[in-house]
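Trainee:
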Amino acid sequence: TTPDAAAPPVRVEREGVVAIVTIDRPKALNALAPEVLGALAEAFEELAQAGDAVRGVLVVGAGGRAFVAGADIRALAPLTPEEGAATGRLGHRVAALIESLSAPVIACVDGFALGGGLELALACDFIYATDASWFGQPEVRLGLIPGFGGTVRLPRAVGLALAKELIYTGRRIDAATAEAAGLVARRFPDRESMLAGARATVEEIAANAWTAVGIAKRVLVAASGTPTATAVELEVAGFEDAFRTDDMREGVAAFLEKREPGFRGH
Ligand code: CAA
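Position in the sequence shown counted from 1, then plus 7, gives you UniProt numbering.
1. Verify the contact flag: D138, CB atom, against every heavy atom of ligand 1, threshold strictly below 8 Å.
2. Using 8 Å as the cut-off, can you tell me whether the stretch 193-204 makes contact with the stretch 160-167, which would need three or more C-beta pairs spanning the two stretches below that distance?
3. Mind checking which residues open and close the beta strand (DSSP E) that includes L65?
4. With a threshold of 9 Å between beta-carbons, can V17 be considered close to chain C, or not?
5. What's the C-alpha gap between E126 and R251?
6. List the residues that DSSP assigns as beta-bridge partners of V228.
7. Of the residues P88, T87, P85, A130, which one's Cα is nearest the Cα of A103?
8. What's the C-alpha gap between V226 and G71?
9. Under 8 Å from any heavy atom of ligand 1, does the C-beta of residue 298 make it?
10. Based on DSSP bridge pairs, tell me the residues matched to G143.
11. Counting C-beta neighbours from all protein chains within 10 Å, is the total for R62 16 or more, i.e. buried, or is it exposed?
12. Mind checking whether A188 and I113 have CB atoms under 9 Å apart?
13. Look up E106 in the DSSP assignment and say whether it is helix, strand or coil.
14. If you follow the beta strand (DSSP E) that F133 is in, where does it begin and where does it stop?
15. Can you tell me the Cα-Cα spacing of L39 and E242, whole angstroms?
16. In this structure, does DSSP put R96 in helix, strand or coil?
17. Would you report the Cα separation of V239 and H99, rounded to the nearest angstrom?
18. Hey, how far is the Cα of D117 from the Cα of L263?
19. Give every residue of the same chain whose Cβ lies closer than 7 Å to the Cβ of L97, excluding the five residues on either side of it in the sequence, and list them in chain order.
20. Can the beta-carbon of F119 be found closer than 9 Å to that of L36?
21. Does DSSP classify V159 as helix, strand or coil?
22. State yes or no: is the C-beta of D117 nearer than 8 Å to some heavy atom of ligand 1?
23. Take E52 as the anchor and find which of A73, A164, S109 has the nearest alpha-carbon.
24. Pull up the distance between the alpha-carbon of R271 and that of D253, whole angstroms please.
25. For the beta strand (DSSP E) containing V112, list its first residue and its last residue.
26. If I follow the unbroken alpha helix (DSSP H) through A213, where does it start and stop?
27. To the nearest angstrom, how far is the alpha carbon of N215 from that of V24?
28. In angstroms with no decimal places, state the Cα-to-Cα distance between E146 and G124.
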């Protein structure tokens, strides 16, 4: 086997409270072959065990040309309809693990985020991108449709009209257009400044009450796309949970006593 074939397709590194998940298959523009999806699922399962030691996760693509150029088209080619559906479910499992992780997950896009790559980014809490990035759902050009959540999360991110236009045309949009559409939370001139910006964001999040951030994420994920009345009830339940934490008592007391809070993560 070549060194590239032997290398694990997903690496997880820890830098203090930040975890960096790198999809490392640059020769195929980090395409999500089944083994890559499996390795991503394993990585996020392990990160869930880290508890409050990891306060934020950055997802990046290796090689400097792509975040992820989609599901692996070579692996999709021979699949039966049933096997295709199973691959879709594997992608959805990765998305569910990202959404169920208490720590916020930031997709750091530098280059192509296409098809399953954009869908992976959409499953993250928000997207940072370099000016050299491109976004699209080109599946219909292959006779497919988005399979890892694009028909669900893209309209929520950019509205139904632009989502339909992108999905029906397969067209790519650049980072500035994606930012204007609300798909990209922040745009950076290059990869280095993006990663520095994402690390700084995690540090800022880490200074807040871990419990509150986790409850907020849980409510935001669960409420997304539900009717207002259901969403409001989810928020009430989360608000109630926040009142149960020591960190909430500490946070409000610190404000009233004009001092910095000492959060303990429970
Ligand atoms: N799957 C498998 N291999 C891929 C790939 C993918 N999604 N995207 C790129 N590659 C491979 C290419 O086959 C090529 O490999 P070889 O060197 O062995 O030929 C290598 O990566 C480099 O790609 P290109 O030579 O094509 O590079 P380029 O600069 O000319 O073009 C690109 C870049 C526009 C991103 C082009 O590679 C491309 O269009 N990729 C496919 C994008 C796509 O259709 N994504 C959707 C996939 S389906 C999907 O994701 C379904 C779903 O919703 C889950």
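By construction, the Cβ of each residue, glycine as well, lies at the ideal position given by its N, Cα and C atoms.
Mentor: If we stick to the structure as given:
1. As a first step, residue 138 is located in the sequence shown; it is residue number 131 there, counting from the start. Because no heavy atom of ligand 1 lies under 8 Å away, the Cβ of D138 does not count as near it: no.
2. By the Cβ test, the stretch 193-204 is not in contact with the stretch 160-167, since fewer than three Cβ pairs between them sit closer than 8 Å.
3. Position 58 of the sequence shown holds residue 65. Annotation: the continuous beta strand (DSSP E) that includes L65 extends over 63-68.
4. Reference to chain C is not applicable here, since this structure consists of a single protein chain.
5. Walking along the sequence shown from the start, residue 126 turns up at place 119. Walking along the sequence shown from the start, residue 251 turns up at place 244. So the two alpha carbons sit approximately 35 Å from each other.
6. Stepping through the sequence shown from its first residue, residue 228 is reached at position 221. V228 is not bridged to any residue.
7. On the sequence shown, residue 103 is found 96 positions in, with the first residue counted as 1. Minimum Cα-Cα distance from A103 among the listed residues P88, T87, P85, A130 corresponds to A130.
8. One-based indexing of the sequence shown puts residue 226 at position 219. One-based indexing of the sequence shown puts residue 71 at position 64. It is roughly 34 Å from the alpha-carbon of V226 to the alpha-carbon of G71.
9. What is shown of the chain runs 8 to 273, which leaves residue 298 out entirely.
10. Along the sequence shown, read from residue 1 onward, the residue named residue 143 stands at position 136. G143 pairs with L121, R179.
11. Translated into positions along the sequence shown, residue 62 becomes position 55. Buried, because 16 or more other Cβ atoms sit within 10 Å of the Cβ of R62.
12. In the sequence shown, the residue the question calls residue 188 occupies position 181. In the sequence shown, the residue the question calls residue 113 occupies position 106. Taking 9 Å as the Cβ cut-off, A188 and I113 do not qualify as a contacting pair.
13. Taking the first residue of the sequence shown as position 1, residue 106 is located at position 99. Look at E106 here: in three-state DSSP terms it is helix.
14. Mapped onto the sequence shown, residue 133 falls at position 126. Where F133 is concerned, the enclosing beta strand (DSSP E) starts and stops at 133-137.
15. Position 32 of the sequence shown, counted from the start, is the residue given in the question as residue 39. Position 235 of the sequence shown, counted from the start, is the residue given in the question as residue 242. Here the C-alpha atom of L39 lies approximately 34 Å from the C-alpha atom of E242.
16. As a first step, residue 96 is located in the sequence shown; it is residue number 89 there, counting from the start. Here R96 sits in helix by DSSP.
17. As a working mapping, residue 239 is identified with position 232 in the sequence shown. As a working mapping, residue 99 is identified with position 92 in the sequence shown. V239 and H99 have their alpha carbons spaced roughly 26 Å apart.
18. The residue you call residue 117 lines up with position 110 of the sequence shown. The residue you call residue 263 lines up with position 256 of the sequence shown. Approximately 43 Å, taken between the alpha carbons.
19. By 1-based counting over the sequence shown, the position of residue 97 is 90. Excluding positions up to five away in sequence, the list reads P41, L44.
20. Residue 119 sits at position 112 when you count from the first residue of the sequence shown. Residue 36 sits at position 29 when you count from the first residue of the sequence shown. Taking a C-beta distance under 9 Å as the contact criterion, F119 and L36 qualify as a contact pair.
21. As a first step, residue 159 must be located in the sequence shown, where it is residue number 152. Three-state DSSP puts V159 in a helix.
22. Along the sequence shown, one-based indexing puts residue 117 at 110. No; taking the cut-off as 8 Å, the Cβ of D117 has no heavy atom of ligand 1 nearer than that.
23. Stepping through the sequence shown from its first residue, residue 52 is reached at position 45. Measuring C-alpha to C-alpha distances from E52 to each of A73, A164, S109 identifies S109 as the nearest.
24. Counting from one through the sequence shown, the residue named residue 271 turns up at place 264. Counting from one through the sequence shown, the residue named residue 253 turns up at place 246. Rounded to whole angstroms, R271 to D253 spans 8 Å at the Cα level.
25. Within the sequence shown, numbered from 1, the residue matching residue 112 stands at position 105. Going by DSSP, V112 is part of the beta strand (DSSP E) stretching over 112-116.
26. Walking along the sequence shown from the start, residue 213 turns up at place 206. Taken as a continuous stretch (DSSP letters only), the alpha helix (DSSP H) holding A213 covers 198-213.
27. On the sequence shown, position 208 is the one that residue 215 refers to. On the sequence shown, position 17 is the one that residue 24 refers to. Answer to the nearest angstrom: the Cα atoms are 13 Å apart.
28. Your numbering for residue 146 matches position 139 in the sequence shown. Your numbering for residue 124 matches position 117 in the sequence shown. Per the coordinates, the alpha-carbon of E146 lies some 11 Å from the alpha-carbon of G124.
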